[in-house]
Amino acid sequence: MVHWEQTWHKVKNMCFNDVIDGKSLLPFCFWSLWLSRKNNVFDKKKNCTHVRETIARATEYYHVVVHHRDKGESNAIHIKWEPPPNRSYELNTDGAACHKTGVGGAGGVFRNNRGDCVLGHIRGVPDTTSIEAELHSLWQDLKIALDITSDLYKSALILNKL
442 MVHWEQTWHK VKNMCFNDVI DGKSLLPFCF WSLWLSRKNN VFDKKKNCTH
492 VRETIARATE YYHVVVHHRD KGESNAIHIK WEPPPNRSYE LNTDGAACHK
542 TGVGGAGGVF RNNRGDCVLG HIRGVPDTTS IEAELHSLWQ DLKIALDITS
592 DLYKSALILN KL
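Numbering (my numbering), first residue to last: 442 to 603.
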């Protein structure tokens, strides 16, 4: 086994392509080692770290992130929550599942025009996929919305009779 310090002294001043040198490559080496170890330990794989893949990842990062930042370009999309109109509500819903175990969850939250959580729900969804969990959450939210609408309609009818 080659000692990492000996290898580092050999490569730290090398240039691997027109943008990546040894010092820029070091964080990607650590990340590649961590990723291989994680896959081997938790996913029971037999991966090894490949130098060419590590250099390719570092080069891609440079071209996608650093190069655009130097030019002042940005790919950022700024998203701002827009509240619903007065006396109305917004529904945010989500569902997710682990593809290996099938264990999932679903939930939703109703917010008023100030962003206050008015009503919400969460629940576990066993033996599911992410898409099924999303649909389960949406179905629950629609049932809640229909129940609320029905109750409000009944209340309005009662108030109109007074």
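From the three backbone atoms N, C-alpha and C, an ideal C-beta is built for every residue, glycine too.
Just grab the DSSP bridge partners of residue i for me.
i: Ala538; result: Gly545
i: His562; result: Gly549
i: Asn533; result: Val550
Measuring CA to CA, which of the options is closest to residue i?
i: Asp557; options: Ser529, Thr542, Leu579; result: Ser529
i: His540; options: Phe469, Ile572, His562; result: Ile572
i: Thr542; options: Val482, Val559, Asn527, Val566; result: Val566
i: Gly546; options: His577, Trp522, Lys521; result: His577
i: Ile585; options: Leu474, His562, Ala538, Asn480; result: His562
i: His504; options: Ser465, Leu587, Asn481; result: Ser465
i: Tyr502; options: Thr490, Lys485, Pro468; result: Pro468
i: His491; options: Trp472, Val482, Lys485, Asp484; result: Trp472
i: Leu474; options: Asp484, Ser596, Leu560, Asn488; result: Asn488
i: Leu560; options: Thr570, Gln581, Ala538; result: Gln581
i: Glu494; options: Lys602, Cys470, Arg564; result: Cys470
Taking residue i and residue j to be in contact with their CB atoms under 8 Å, please state how far apart those CB atoms are, rounded to whole angstroms.
i: Ala517; j: Ile461; result: Between Ile461 and Ala517 the Cβ distance is about 24 Å, and since that is not below 8 Å, they are no contact.
i: Pro524; j: Arg555; result: 7 Å
i: Ile496; j: Asn458; result: 7 Å
Start and end of the alpha helix (DSSP H) containing residue i?
i: Lys595; result: 571-602
i: Ile496; result: 492-502
**Message:** Taking contact to mean 3 or more Cβ pairs, one atom from each stretch, closer than 8 Å, check whether the segment 522-536 and the segment 547-564 are in contact.
**Reply:** yes
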